[in-house]
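Chemist: I have a structure I would like to understand better, so I am pasting it below and will then ask my questions one at a time.
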Amino acid sequence: MATISRAQLLHHPSAYFSRLPHSHSSFSINFRRRKFSVTPPLLCSSSSSSSFSSASTNPSIVGDLLNYLNESWTQFHATAEAKRQLIAAGFHLLNENDEWDLRPGGRYFFTRNMSCLVAFAVGEKYIAGNGFHVIAAHTDSPCLKLKPKSASSKSNYLMLNVQTYGGGLWHTWFDRDLSVAGRVIVRASDGSFLHKLVKVKRPLLRVPTLAIHLNRTVNTDGFKPNLETQLVPLLATKPEEAFPESKEKSSSSPKAAHHPLLMQILSDELGCDVDDIVNIELNICDTQPSCLGGANNEFIFSGRLDNLASSYCGLRALVDSCGSPGDLSSEHAIRMIALFDNEEVGSDSYQGAGAPTMFQAMRRIAGSLANSYAGESAFDRAIRQSFLVSADMAHGVHPNFMDKHEEHHRPEMHKGLVIKHNANQRYATSGVTAFLFKEVAKMHNIPTQEFVVRNDMGCGSTIGPILASGVGIRTVDCGIAQLSMHSVREVCGKEDIDIAYKHFKAFYQTFSSIDRKLIVD
């Protein structure tokens, strides 16, 4: 093929494309758009080698996931956005403090701490003793959080003291454009206190690395920052001169724990006085938007994929599985999604999977729907007929570190959900639960993969074993394959999002018919 320079291609692209065989014209046009577009689209069509994808006529949810990720800087924002979408879809908001009046065919949800959410749809053929079909995930991700007293000053810089939350790859937080987001308790004019979410979208903070001229051995000895003294974000220099009003407004406010400049920025975002802010709970967040990447836009580049990607796929599957009239007409079970906080630190909290939130919700739902039923142990029988899909991101094989995976269990991107196994019960998957979940996929021609950790490496865990043992529910652990897990910026395959969504939706729609065919006890 004749060669052409980059300058000629930019100024006279038709001269190049006219030389190509006709069969290559479609690819060439796509190539030209992707390579030289100044702002490539978030979504674009791309061919795939997967027979599943090419055969599917369902619309993609990837664009909606990107929007969800960009809204959900914190666990609070993720829950609030899920709440907004459920209300828009016709789900009824419940309060845990109120008595529930539930009906077959109804769709309901509640939140706890605005970082945990449980939503469910009751089959129209539900009777007392029927089971729950649940997808569970978590809303939190490793991050930096402000300490209760965050104000710090060094060498004429204003700094923010932070805590590390979860097992993050903390070196990836250096030299990133960072900001703050979370929730604030605000005093209202009538003396009441309001919970408000805040997100400062502009780059506000930075953790700078030390120049190599001052750290000559960093590339040979490794980058090993002290997390207490060297992972401290910069906020500003000389704020009194740049914002003289901030000091004046805060002089009588009990906000000495935090820099007056930070408090002023928060009050501007919230539209309230600094003195009306009575408490803050803020995460440090990366400001770079989630987007598509790769030569064919086949990857998703984003923070918090672990585990908002699973959360959104499960949420969307529940909403779409009961969004049309008649979707619940033949359903005997209750379809549910449970999104928990604090998974990254063990789940032992009021809003975590270690709390009896889901178990209590199941008992209340069964009790409200029982009406005058007087049979024996309807709730206990319901749990025995229930099934939980614990969805948390999975370790895809890394092309530069393939030896970190067991030779025969190397999950790849674009190949479907990864079913996780561990003989020591770090995952709750059993032979029975894996079979049932794979049978759902088989019925719908959906690919799956399997993962087991090497014997000479430790195995992580997730909420699956916690819920399986705490509730006594059959459980399978699964996840979407990804790279850079717990980095400030992670990556997964675009196609896997749609595959996970379709698998979860198929689980809701067909699990009842599959489960009744299997006899174990």
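Take the position in the sequence shown, starting the count at 1, then add 88; the result is the number in our numbering. Note that CB positions come from ideal geometry on N, CA and C, so glycine has one too.
In the DSSP assignment, find the unbroken beta strand (DSSP E) run with Y196 in it and report its ends.
Modeler: Position 108 of the sequence shown, counted from the first residue, corresponds to residue 196. Residues 195-200.
Chemist: Evaluate E464 with the Cβ neighbour count: other Cβ atoms within 10 Å of its Cβ, from every protein chain shown; 16 or more gives buried, anything less gives exposed.
Modeler: Translated into the one-based positions of the sequence shown, residue 464 becomes position 376. The residue in question, E464, is exposed, as its Cβ has fewer than 16 Cβ neighbours within 10 Å.
Chemist: Is it true that the CB of M424 sits closer than 8 Å to the CB of F599?
Modeler: To locate residue 599, count along the sequence shown from 1; it is residue 511. To locate residue 424, count along the sequence shown from 1; it is residue 336. The answer is no: Cβ separation not under 8 Å.
Chemist: Quick one: measure Cβ to Cβ for K590 and I534, integer angstroms, because I've assumed they're closer than 8 Å.
Modeler: Along the sequence shown, read from residue 1 onward, the residue named residue 590 stands at position 502. Along the sequence shown, read from residue 1 onward, the residue named residue 534 stands at position 446. About 6 Å separates the two Cβ atoms, so the contact holds.
Chemist: Would a C-beta distance cut-off of 8 Å place N371 and A269 closer than the cut-off?
Modeler: As a working mapping, residue 371 is identified with position 283 in the sequence shown. As a working mapping, residue 269 is identified with position 181 in the sequence shown. Contact flag set, yes.
Chemist: Using the Cα positions of N543 and M573, report the straight-line distance between them to the nearest angstrom.
Modeler: Taking the sequence shown and counting its residues from 1, the one referred to as residue 543 is at position 455. Taking the sequence shown and counting its residues from 1, the one referred to as residue 573 is at position 485. Near 21 Å, if we compare the C-alpha coordinates of M573 and N543.
Chemist: Going by the CB atoms, is the gap between I223 and F539 shorter than 8 Å?
Modeler: The residue you call residue 539 lines up with position 451 of the sequence shown. The residue you call residue 223 lines up with position 135 of the sequence shown. Contact: no.
Chemist: Drop a sphere of 10 angstroms on the beta-carbon of M450, count the other beta-carbons inside from all chains shown, and report buried for 16 or more, exposed for fewer.
Modeler: Locating residue 450 in the sequence shown gives position 362, counting from the first residue. Burial call: buried.
Chemist: Return the first residue and the last residue of the alpha helix (DSSP H) that V564 is part of.
Modeler: Taking the sequence shown and counting its residues from 1, one reaches residue 564 at position 476. It is not in any alpha helix (DSSP H) - V564 instead sits in the beta strand (DSSP E) that spans 562-567.
Chemist: What number of angstroms, rounded off, separates the C-alpha of L322 from the C-alpha of T305?
Modeler: By one-based count along the sequence shown, residue 322 stands at place 234. By one-based count along the sequence shown, residue 305 stands at place 217. Roughly 25 Å separates the two Cα atoms.
Chemist: Can you check whether the CB of L427 is closer than 8 Å to the CB of S225?
Modeler: Locating residue 225 in the sequence shown gives position 137, counting from the first residue. Locating residue 427 in the sequence shown gives position 339, counting from the first residue. As written in the sequence, residue 225 is Ala, which differs from the Ser given in the question. Going by C-beta atoms, A225 is nearer than 8 Å to L427.
Chemist: Which residues in the same chain have their Cβ closer than 6 Å to the Cβ of S601, if we skip the five residues on either side of it in sequence?
Modeler: One-based indexing of the sequence shown puts residue 601 at position 513. If we look at S601 and ignore the five residues flanking it on each side, it has no Cβ neighbours.
Chemist: Unbroken beta strand (DSSP E) runs of length 3 or more, entirely within the region 271-309: which are they?
Modeler: 281-287, all fully within the region 271-309.
Chemist: Check G381 in the structure and name its three-state DSSP category.
Modeler: As a working note, residue 381 is residue 293 in the sequence shown. G381: strand per DSSP, three-state reduction.
Chemist: Find out if the Cβ-Cβ distance for the pair I561, L505 is shorter than 8 Å.
Modeler: Against the sequence shown, residue 561 aligns to sequence position 473. Against the sequence shown, residue 505 aligns to sequence position 417. Not closer than 8 Å, so no.
Chemist: Would K233 and V250 be called neighbours here (beta carbons separated by less than 8 Å)?
Modeler: Position 145 of the sequence shown, counted from the first residue, corresponds to residue 233. Position 162 of the sequence shown, counted from the first residue, corresponds to residue 250. For K233 and V250, yes; Cβs fall inside 8 Å.
Chemist: Using CA atoms only, rank isn't needed, just tell me which of Q473, I365, S417 is closest to S280.
Modeler: Stepping through the sequence shown from its first residue, residue 280 is reached at position 192. The residue with the shortest Cα to Cα distance from S280 is I365.
Chemist: Helix, strand or coil for A511, going by three-state DSSP, please let me know.
Modeler: Within the sequence shown, the letter at position 423 stands for residue 511. Three-state result, A511: coil.
Chemist: Once DSSP output is grouped into helix, strand and coil, what is the label at Q163?
Modeler: As a first step, residue 163 must be located in the sequence shown, where it is residue number 75. DSSP places Q163 in helix when its eight states are reduced to three.
Chemist: Does the distance from the CB of G211 to the CB of H420 come in under 8 Å?
Modeler: Taking the sequence shown and counting its residues from 1, one reaches residue 211 at position 123. Taking the sequence shown and counting its residues from 1, one reaches residue 420 at position 332. Against a cut-off of 8 Å, the Cβ pair of H420 and G211 comes out as a contact.
Chemist: Count the CB pairs spanning the region 275-292 and the region 153-173 that are closer than 8 Å, and state whether there are at least three.
Modeler: Short answer: they touch.
Chemist: Cβ atoms of L285 and H165: under 8 Å apart, would you say?
Modeler: To locate residue 165, count along the sequence shown from 1; it is residue 77. To locate residue 285, count along the sequence shown from 1; it is residue 197. Contact: yes.
Chemist: Whole angstroms are fine: how far does the CA of C547 sit from the CA of Q537?
Modeler: Sequence index remark: in the sequence shown, residue 537 carries index 449 (1-based). Sequence index remark: in the sequence shown, residue 547 carries index 459 (1-based). When rounded, the distance between both Cα atoms is 18 Å.
Chemist: Report the three-state DSSP secondary structure of Y589 (helix, strand or coil).
Modeler: As a position in the sequence shown, residue 589 is number 501, starting the count at 1. Helix at Y589.
Chemist: Closest to Y253 by CA distance: which of P377, L319, S557 is it?
Modeler: Counting from 1 along the sequence shown, the entry for residue 253 is found at position 165. Among P377, L319, S557, the Cα nearest to that of Y253 is on L319.
Chemist: Hey, how far is the Cα of N367 from the Cα of R498?
Modeler: Residue mapping note: residue 367 aligns to position 279 of the sequence shown, counting from 1. Residue mapping note: residue 498 aligns to position 410 of the sequence shown, counting from 1. Cα to Cα, N367 sits roughly 46 Å from R498.
Chemist: Going by DSSP, what residue range makes up the beta strand (DSSP E) through Y253?
Modeler: Within the sequence shown, residue 253 is the residue found at index 165, counting from 1. It spans 245-253 - the beta strand (DSSP E) in which Y253 sits, taken as one unbroken run.
Chemist: I need the straight-line Cα distance from N385 to L257, nearest angstrom please.
Modeler: In the sequence shown, residue 385 corresponds to position 297, counting from 1. In the sequence shown, residue 257 corresponds to position 169, counting from 1. Near 25 Å, if we compare the C-alpha coordinates of L257 and N385.
Chemist: Report yes or no: do the region 171-179 and the region 198-216 share at least 3 C-beta pairs separated by less than 8 Å?
Modeler: Because the criterion of three Cβ pairs below 8 Å is met, the region 171-179 and the region 198-216 touch.
Chemist: Please classify P129 as buried or exposed, where buried requires at least 16 other C-beta atoms within 10 Å of its C-beta.
Modeler: Numbered from 1 along the sequence shown, position 41 holds the residue referred to as residue 129. Residue confidence is low: P129 scores 41 on pLDDT, short of 50, so the model does not pin down where it sits. Its coordinate-derived value is still stated next. Result: exposed.
Chemist: Using a Cβ-Cβ cutoff of less than 7 Å, which residues in the same chain neighbour Y596 once the five nearest sequence positions on both sides are dropped?
Modeler: Position 508 of the sequence shown, counting from 1, holds the residue named residue 596. Closer than 7 Å at the Cβ level, and outside the excluded window around Y596, lie H221, A405, L406, S409, R423.
Chemist: Relative to the alpha-carbon of G414, which residue among G151, D152, P192, N146 has its alpha-carbon at the smallest distance?
Modeler: As a first step, residue 414 must be located in the sequence shown, where it is residue number 326. Comparing Cα-Cα distances from G414 to each of G151, D152, P192, N146, the minimum goes to P192.
Chemist: Could you check whether the region 550-557 touches the region 513-524, counting it as contact only if at least three pairs of C-beta atoms, one from each stretch, sit closer than 8 Å?
Modeler: A contact exists between the region 550-557 and the region 513-524.
Chemist: Quick one: grab the DSSP three-state call for K269.
Modeler: Numbered from 1 along the sequence shown, position 181 holds the residue referred to as residue 269. One detail in the question is off: residue 269 reads as Ala in this sequence, not Lys. Strand at A269.
Chemist: Roughly how many angstroms lie between the CA atoms of V150 and A458, to the nearest whole one?
Modeler: Indexing the sequence shown from 1 puts residue 150 at position 62. Indexing the sequence shown from 1 puts residue 458 at position 370. Distance between the alpha carbons of V150 and A458 is about 39 Å.
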